[in-house]
Amino acid sequence: MAKAKLLIAGINRNLSDQLEKHLKASADIALCGVTRDGRETLTMILNNKPDIVLMDLVMPHMDGIAVLEKLKESPSFRMPYILMTSVIGQERVMARAAALGASYYMIKPYNLDDLLGRILLFAAPAGSPCGVDFHERLKRAVLDLGVPPNQLGFPYIVDAVEVLWKEEPSCSITKIVYPAVARLHTTTPDCVESVVRKTIHRIYEKNSPALHCMTGRPMDDKRLSNGKFLTVLMEKVRDGVLGVSPYLH
Numbered sequence: 399m400a401k402a403k404l405l406i407a408g409i410n411r412n413l414s415d416q417l418e419k420h421l422k423a424s425a426d427i428a429l430c431g432v433t434r435d436g437r438e439t440l441t442m443i444l445n446n447k448p449d450i451v452l453m454d455l456v457m458p459h460m461d462g463i464a465v466l467e468k469l470k471e472s473p474s475f476r477m478p479y480i481l482m483t484s485v486i487g488q489e490r491v492m493a494r495a496a497a498l499g500a501s502y503y504m505i506k507p508y509n510l511d512d513l514l515g516r517i518l519l520f521a522a523p524a525g526s527p528c529g530v531d532f533h534e535r536l537k538r539a540v541l542d543l544g545v546p547p548n549q550l551g552f553p554y555i556v557d558a559v560e561v562l563w564k565e566e567p568s569c570s571i572t573k574i575v576y577p578a579v580a581r582l583h584t585t586t587p588d589c590v591e592s593v594v595r596k597t598i599h600r601i602y603e604k605n606s607p608a609l610h611c612m613t614g615r616p617m618d619d620k621r622l623s624n625g626k627f628l629t630v631l632m633e634k635v636r637d638g639v640l641g642v643s644p645y646l647h
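In our numbering, the protein residues as written are 399 to 647.
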């Protein structure tokens, strides 16, 4: 399968160099260019048609919002995944970016591993937002719920939900799901249960828009049990409710 093409736009040189170094070893991503200002970024996107664009909001000559507005003027142009970064965390700015087609918005300072994790998730479907399989939608949903990919809870929850999906939603969490995940990670079911429980607790503390969409209930209502949480997550990802639409953190 061809590598996903990544364009880095307006990101400071030090971070660009770090990303380029990490991505050289990637089997999924090929860096197709690095730009420093908005006009050059717009030209590169239109001409090179990258699958993913990592773009800073603030750039010389034309900011990230203006670039998105120009791209929107070309209705036949297939919008790449746009991962926008900024020190500005205003809701109206994030909402405007999402309305113009930004797939994700990361507020600085951010962890390099988290940034790479998000880029890799976008790289998996290689620019095909509608053709993402269950596994990729699930990873995206867990990330949208506020779980960084470098935390142990990330793979544990992903694997637990996949067991539910492949087996049956009504199968026993303690007798089937946790032991299956434990075997995958060479650990114990008790350890899996503990990590999943703590991760779900942190998800509720983060109180993300994706969690609201998943539970459909105010946060002062009784929380779902861990087993019910995993089952509802599986159902929402399966039905295309989570893991497809962009949620802004």
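All residues carry an ideal CB built from backbone N, CA and C; glycine is no exception.
Counting along the chain, the unbroken beta strand (DSSP E) around residue 484 starts and ends at 479-484.
In this structure, residue 505 lies away from residue 478, with their beta-carbon atoms at least 7 Å apart.
Annotation for residue 427: the continuous beta strand (DSSP E) segment containing it runs 427-433. Non-local C-beta neighbours of residue 593 in its own chain, meaning closer than 6 Å and more than five positions away in sequence, comprise 550, 551 and 554, ordered along the chain. Only residues of its own chain outside the window of five on either side were considered, and among them 635, 640 and 641 have a CB closer than 6 Å to the CB of residue 539, listed in chain order. Between the alpha carbons of residue 589 and residue 583 lies a distance of about 10 Å. If you draw a straight line from the Cα of residue 463 to the Cα of residue 557, it comes to about 37 Å. In this structure the segment 498-513 touches the segment 465-478; the number of beta carbon pairs closer than 8 Å is three or more.
The C-alpha of residue 445 is placed about 32 Å away from the C-alpha of residue 532. In its chain, beyond the 5 residues on either side, 435, 436 and 437 have a beta carbon closer than 7 Å to the beta carbon of residue 459. Residue environment for residue 520: buried (at least 16 other C-beta atoms within 10 angstroms of its C-beta).
Remark: C-beta atoms of residue 414 and residue 455 do not approach each other more closely than 7 Å. By the neighbour-count criterion, in which a residue is buried when 16 or more other Cβ atoms sit within 10 angstroms of its Cβ, residue 441 is exposed.
The beta carbon of residue 425 is closer than 8 Å to those of 401 in its chain, skipping five residues each way along the sequence. Taking the Cα of residue 534 as reference, the smallest distance to any Cα among 405, 609 and 559 is reached at 559. Spanning the alpha carbons of residue 431 and residue 404 requires a straight line of approximately 7 Å.
Pairing residue 543 with residue 608 gives a Cβ-Cβ distance under 7 Å. The beta-bridge partner set that DSSP reports for residue 453 consists of 407 and 482. Annotated three-state conformation of residue 576 is helix, per DSSP. Counting of Cβ neighbours within 10 angstroms places residue 624 among the buried residues, the total reaching 16 or more. DSSP places residue 632 in the uninterrupted alpha helix (DSSP H) bounded by 624-636. Taking the C-beta atoms as reference points, residue 612 is found no nearer than 7 Å to residue 562. Secondary structure at residue 503: strand, using DSSP grouped into helix, strand and coil. For residue 408, the closest alpha carbon among the candidates 419, 461, 417 and 627 is that of 461.
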